[in-house]
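Worksheet: one structure, shown below.
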Amino acid sequence: MNDFISKHGVRIYSVLAALVPALVLVWPKVPWEALVLASAGLLGAGAVAASHEDTKTLKALYEDSPFEAELRGDVGK
12 MNDFISKHGV
22 RIYSVLAALV
32 PALVLVWPKV
42 PWEALVLASA
52 GLLGAGAVAA
62 SHEDTKTLKA
72 LYEDSPFEAE
82 LRGDVGK
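According to the working numbering, the sequence shown is numbered sequentially starting from 12.
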């Protein structure tokens, strides 16, 4: 489950963020305090998701490309 969330965390976040405004359409009497709380939670989750994606990007930048050996001519050696 943690691996799934790690791989698809931003997608899950975007679905949740899209559902918050839909709550007003489905349940028009949702208190504004609940919407503010949900929005604040989504902003925090978005910051965590962005940080996690940045970490994955930095990690990938420091790994050798699988095509690096082919470009250097080291294939089969």
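Cβ coordinates follow ideal geometry from the N, Cα and C atoms, glycine included.
The alpha-carbon separation between ASP85 and ALA29 amounts to approximately 48 Å. In the structure shown, TYR24 adopts helical secondary structure according to DSSP, grouped into three states. In the same chain as LEU53, and ignoring 5 residues on each side of it, the C-beta atoms closer than 6 Å to its own belong to ALA28, in chain order. Of all C-beta pairs linking the segment 14-24 to the segment 49-64, three or more are shorter than 8 Å, placing the two stretches in contact. Boundaries of the alpha helix (DSSP H) around GLU79: 79-83. Nearest Cα to ILE16 within the set PRO32, ALA60 and SER50: ALA60.
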